[in-house]
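**Q**
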Amino acid sequence: MFRALPGGDRRPPLKLGTKITLLVTGVACLALLLLGGAAVWTAGLAHEAAVGRQNLKLARLLAEMPEVRAGLAAPDPAAVLQPLAERLRRTLGVDLIVVIGMDRIRYSHYDPRYVKTLYSAGDEARALRGESYVSKCSCVGVQSVRGLAPVRAPDGRQVGVVVVGTFVDNVAAGTRQLQAALGVSLAVSLAVAAAAARWVARSIKASLFGLEPPEIASLLRERELILQSIREGLVAVGRDGRITLMNEAARALAGVQGDPVGRPADEVVPELRLVDLLAGDSAQEDVEVFLGQRVVLLSRIPVTEGGRVVGALVTFRDKTEVTRLAEELTGVRRFVEAVRAQNHEFLNKLQTLAGLIHLGSYDEALAFIAQTTRGRQEAMGRLLAAVRDAATVGLLMGKLSEAQEKGVELVVDPGSRVNALPPHFDSSAMVCVLGNLVENAIEALAAGPRGARRVTVAVREEPDHLHLEVADNGPGIPPDMRTRIFRRGVSTKSPGRGLGLYLVRARVEQAGGEITVDCPPEGGSRFVVRIPRQLPGSAAGAAVG
9 MFRALPGGDR
19 RPPLKLGTKI
29 TLLVTGVACL
39 ALLLLGGAAV
49 WTAGLAHEAA
59 VGRQNLKLAR
69 LLAEMPEVRA
79 GLAAPDPAAV
89 LQPLAERLRR
99 TLGVDLIVVI
109 GMDRIRYSHY
119 DPRYVKTLYS
129 AGDEARALRG
139 ESYVSKCSCV
149 GVQSVRGLAP
159 VRAPDGRQVG
169 VVVVGTFVDN
179 VAAGTRQLQA
189 ALGVSLAVSL
199 AVAAAAARWV
209 ARSIKASLFG
219 LEPPEIASLL
229 RERELILQSI
239 REGLVAVGRD
249 GRITLMNEAA
259 RALAGVQGDP
269 VGRPADEVVP
279 ELRLVDLLAG
289 DSAQEDVEVF
299 LGQRVVLLSR
309 IPVTEGGRVV
319 GALVTFRDKT
329 EVTRLAEELT
339 GVRRFVEAVR
349 AQNHEFLNKL
359 QTLAGLIHLG
369 SYDEALAFIA
379 QTTRGRQEAM
389 GRLLAAVRDA
399 ATVGLLMGKL
409 SEAQEKGVEL
419 VVDPGSRVNA
429 LPPHFDSSAM
439 VCVLGNLVEN
449 AIEALAAGPR
459 GARRVTVAVR
469 EEPDHLHLEV
479 ADNGPGIPPD
489 MRTRIFRRGV
499 STKSPGRGLG
509 LYLVRARVEQ
519 AGGEITVDCP
529 PEGGSRFVVR
539 IPRQLPGSAA
549 GAAVG
């Protein structure tokens, strides 16, 4: 990847590690330069102040010397104080020692030409009043930092002033030495900062798997496209129960508006109870959960770190499509069963016809054929006239043949009539509910003793609901199982069963209906399903109310 520069020059972009190194080094360099400049400036001021304090101490010390006091009291003060001051100046390593009288006449000076001349620095007024202090001023063309201290006679009377000073150029020389030491320290610090920046850059690059920013951006775009293109809902939940990721499919299924990232999961989709899933550390697959008016299949993968759950990745999909496919497959199976039963039935009838023809009873054979076809057509005609849903009619016709094969009488209540199914309870739901109830009744009777085995089916439209009823005269349901019969895996049949009634209840509750079971004392069982014509809260329902 190259970026075109003016003039046709093409240079490769800087690597992430180089950018980080340059950035961190630049910031460190700027910080160190600012800090170093402030330190140098502060060090210069501090060094100058220290020189002033040292000179003030020397001035006070010299002002207390008896030789200085005696010299100021001598007839010729300069003859005594000039050699004394020069000797002390060389011994103490200062640049100037000036002793002046109360009349501001110099009695000593590093330049003999100024001995016995008037003091002209202009900073002596406070000292002549008895104060000790540090001053910075220019005298005889040279600037110096000086300390001034009053000289007092044994009786306490002030007799003069001692001035001890260091030339500013010499103070600056000492400051430059200090600055040089600080410069070395700053250079070493800068080298260490550059090495640390390089190490930080390598660490960051390693944590990013050696990827460059354009590559990371490309991966993020691909990740977003993949997440948003999958049809399954995907939700990632952190340890604190807040959503860290939710794709478009999940938002559509859950009806979530806006960006849910960062919000509590139980607030966004309370039906899924995502936070409860964080309590365990085992994976879950295809758990059925109601999400509004939908049944979704939910799977959960825990995210662990250090042996504890720190989050969960949850996927879910609308069960309607899965159920529709399963019901289509189930419908094919039932169709095959019905065809097999009819095949068995017609084989018996063909054998009967073959026998009549073999005996030459042609009139009886024709009558038998007419009776058989007439009964089948009459049953089909009655069902088609009463029930306008083709899937329901096909189901009942198949069940009639299946029941007849198993020696069970299946009767459709003559009062059955359905013009149209409720909009929220379609043909697939009708086949699932009615088919499972009739199937269970036939199987319960077929497994029992022979006799008057009868199943009655009623399908009626009431003013405010659809009424389904399946009754049989079989052994009924044991009392201890009547409260558990609709649970998943609970069955009075062989192990591995117990799904049919669970699905029946799920579809009924999804449609806003209810199902009840009654077992009379004389035996048998009766299942009643009531499906409202309109769901509570729907537009039509609101208009009616």
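Numbering (the working numbering), first residue to last: 9 to 553. Don't be surprised by glycine CBs; every beta carbon is placed ideally from N, CA and C.
Can at least three beta-carbon pairs, one atom from the segment 445-465 and one from the segment 408-424, be found at a separation below 8 angstroms?
**A** Yes: at least three Cβ pairs fall under 8 angstroms.
**Q** If we count the other Cβ atoms within 10 Å of its Cβ and call it buried at 16 or more, is N255 buried or exposed?
**A** For the purposes of this step, residue 255 is taken as the residue at position 247 of the sequence shown. Buried is the call here.
**Q** Give every residue of the same chain whose Cβ lies closer than 7 angstroms to the Cβ of V420, excluding the five residues on either side of it in the sequence, and list them in chain order.
**A** Indexing the sequence shown from 1 puts residue 420 at position 412. So the list reads L391, L404 and V465, once near-sequence residues are dropped.
**Q** Quick one: give me the first and last residue of the alpha helix (DSSP H) that I450 is part of.
**A** What you label residue 450 is simply residue 442 of the sequence shown in a count that begins at 1. Element bounds for I450: S435 to A454.
**Q** Out of P422, M438 and G368, point me to the one whose CA is closest to A398's CA.
**A** The sequence position of residue 398 within the sequence shown is 390, counting from 1. Among P422, M438 and G368, the Cα nearest to that of A398 belongs to M438.
**Q** Please identify the residue among T400, R462 and G482 whose C-alpha is closest to the C-alpha of L442.
**A** Numbered from its first residue, the sequence shown carries residue 442 at position 434. Closest option to L442, Cα to Cα, is T400.
**Q** Quick check: the Cα distance between R308 and G406, rounded to an integer number of angstroms?
**A** To locate residue 308, count along the sequence shown from 1; it is residue 300. To locate residue 406, count along the sequence shown from 1; it is residue 398. Cα to Cα, the separation comes out at about 40 angstroms.
**Q** Check the C-beta distance from P162 over to G138 and give it rounded, since I have them as a contact under 8 angstroms.
**A** Sequence index remark: in the sequence shown, residue 162 carries index 154 (1-based). Sequence index remark: in the sequence shown, residue 138 carries index 130 (1-based). In fact, because the Cβ distance is near 16 angstroms, the residues do not count as touching under 8 angstroms.
**Q** Do the CB positions of A225 and I251 come within less than 7 angstroms of each other?
**A** Indexing the sequence shown from 1 puts residue 225 at position 217. Indexing the sequence shown from 1 puts residue 251 at position 243. Contact annotation: A225 and I251 have beta-carbon atoms that are not nearer than 7 angstroms.
**Q** If you draw a straight line from the C-alpha of D434 to the C-alpha of G456, how long is it?
**A** Translated into the one-based positions of the sequence shown, residue 434 becomes position 426. Translated into the one-based positions of the sequence shown, residue 456 becomes position 448. Cα to Cα, the separation comes out at about 34 angstroms.
**Q** I'd like the list of long-range same chain contacts for L242, defined as Cβ closer than 8 angstroms, with 5 residues on each side in sequence excluded.
**A** Stepping through the sequence shown from its first residue, residue 242 is reached at position 234. L235, L253, M254, N255, A257, A258, L321, V322 and T323.
**Q** In whole angstroms, give me the CA-to-CA distance for R114 and V148.
**A** Stepping through the sequence shown from its first residue, residue 114 is reached at position 106. Stepping through the sequence shown from its first residue, residue 148 is reached at position 140. Whole-angstrom Cα-Cα distance: 12 angstroms.
**Q** Under the three-state reduction of DSSP, which class applies to E413: helix, strand or coil?
**A** Within the sequence shown, the letter at position 405 stands for residue 413. Looking at E413 - three-state DSSP - the assignment turns out to be helix.
**Q** Would you mind sorting G491 into buried or exposed? The rule is 16 or more other CB atoms within 10 Å of its CB.
**A** Translated into the one-based positions of the sequence shown, residue 491 becomes position 483. Just to set this straight, residue 491 is Thr in the shown sequence, not Gly. Under this definition T491 is an exposed residue.
**Q** Any idea if A203 is buried or exposed, counting beta-carbon neighbours within 10 angstroms, 16 or more meaning buried?
**A** For the purposes of this step, residue 203 is identified with residue 195 of the sequence shown, where counting begins at 1. Exposed is the call here.
**Q** Within this structure, are the beta carbons of P471 and I539 separated by less than 7 angstroms?
**A** Along the sequence shown, one-based indexing puts residue 471 at 463. Along the sequence shown, one-based indexing puts residue 539 at 531. Not a contact, by the Cβ cut-off of 7 angstroms.
**Q** Excluding sequence positions up to five away, which residues of its chain have a Cβ less than 6 angstroms from the Cβ of V269?
**A** Translated into positions along the sequence shown, residue 269 becomes position 261. Hits under 6 angstroms: I251.
**Q** Leaving aside the five residues before and after R68 along the sequence, list all residues of the same chain whose C-beta is less than 7 angstroms from its C-beta, in chain order.
**A** Looking up residue 68 in the sequence shown gives position 60. Cβ neighbours of R68 beyond the five flanking positions: S140 and A157.
**Q** Is it right to say H366 is buried, meaning 16 or more other beta carbons lie within 10 angstroms of its own, or is it exposed?
**A** Residue mapping note: residue 366 aligns to position 358 of the sequence shown, counting from 1. Under this definition H366 is an exposed residue.
**Q** Quick one: grab the DSSP three-state call for A514.
**A** Along the sequence shown, read from residue 1 onward, the residue named residue 514 stands at position 506. Helix.
**Q** Using the Cβ count rule (16 or more neighbours within 10 Å means buried), how would you classify R495?
**A** By 1-based counting over the sequence shown, the position of residue 495 is 487. Exposed, by the Cβ-count rule.
**Q** Pick out whichever of P544, E75, E530 and P529 has its Cα sitting closest to the Cα of Q518.
**A** On the sequence shown, position 510 is the one that residue 518 refers to. Of P544, E75, E530 and P529, the residue nearest in Cα terms is P544.
**Q** Opposite M405 in the DSSP bridges: which residues?
**A** Mapped onto the sequence shown, residue 405 falls at position 397. Its beta-bridge partners do not exist; DSSP assigns none.
**Q** Let me know the secondary structure DSSP gives M254 once reduced to three states.
**A** Against the sequence shown, residue 254 aligns to sequence position 246. M254: strand per DSSP, three-state reduction.
**Q** Assess, as a yes-or-no matter, whether the segment 68-87 is touched by the segment 32-44 under the definition of 3 or more beta carbon pairs within less than 8 angstroms.
**A** no
**Q** Based on DSSP bridge pairs, tell me the residues matched to Q151.
**A** Translated into the one-based positions of the sequence shown, residue 151 becomes position 143. Answer by DSSP bridge pairing, in chain order: S146.
**Q** Considering only C-alpha positions, which residue in the set L136, V171 and Q151 is nearest to R165?
**A** On the sequence shown, position 157 is the one that residue 165 refers to. With distances taken between Cα atoms, R165 lies closest to L136.
**Q** By the 10 Å Cβ neighbour count, where 16 or more other Cβ atoms means buried, how is V192 classified, buried or exposed?
**A** As a working mapping, residue 192 is identified with position 184 in the sequence shown. Taking a 10 Å sphere around the C-beta of V192, we find fewer than 16 other C-beta atoms and assign the residue as exposed.
**Q** Determine the DSSP secondary structure at T323, reduced to helix, strand or coil.
**A** In the sequence shown, the residue the question calls residue 323 occupies position 315. It is a strand residue.
**Q** Specify whether the segment 26-37 and the segment 55-70 touch according to this definition: at least 3 beta carbon pairs, one from each stretch, less than 8 angstroms apart.
**A** no
**Q** Can you name, in chain order, every residue of its own chain whose Cβ lies under 6 angstroms from the Cβ of A394, other than the five neighbours on each side?
**A** For this step, residue 394 is matched to residue 386 along the sequence shown. Cβ neighbours of A394 beyond the five flanking positions: S424 and R425.
**Q** Give me the residue from P528, V536, P529 and E530 with the minimum Cα distance to E522.
**A** Along the sequence shown, one-based indexing puts residue 522 at 514. Looking at the Cα atoms, V536 is the closest of the given residues.
**Q** For T178 and Q62, what's the separation of their Cα atoms in angstroms?
**A** Here residue 178 refers to the residue found at position 170 when the sequence shown is read from its first residue. Here residue 62 refers to the residue found at position 54 when the sequence shown is read from its first residue. Position check: residue 178 holds Asn in this sequence, whereas Thr was assumed. Looking at the two C-alpha atoms, the distance is approximately 14 angstroms.
**Q** To the nearest angstrom, how far is the alpha carbon of R534 from that of A460?
**A** Position 526 of the sequence shown, counted from the first residue, corresponds to residue 534. Position 452 of the sequence shown, counted from the first residue, corresponds to residue 460. If you take the alpha carbons of R534 and A460, they lie about 17 angstroms apart.
**Q** When burial is assigned at 16 or more other CB atoms within 10 Å of the CB, is R515 buried or exposed?
**A** Locating residue 515 in the sequence shown gives position 507, counting from the first residue. Label assigned to R515: buried.
**Q** Just to confirm, is the Cβ distance from V102 to V172 under 7 angstroms?
**A** Here residue 102 is taken as the residue at index 94 of the sequence shown, counted from 1. Here residue 172 is taken as the residue at index 164 of the sequence shown, counted from 1. A contact, by the Cβ cut-off of 7 angstroms.
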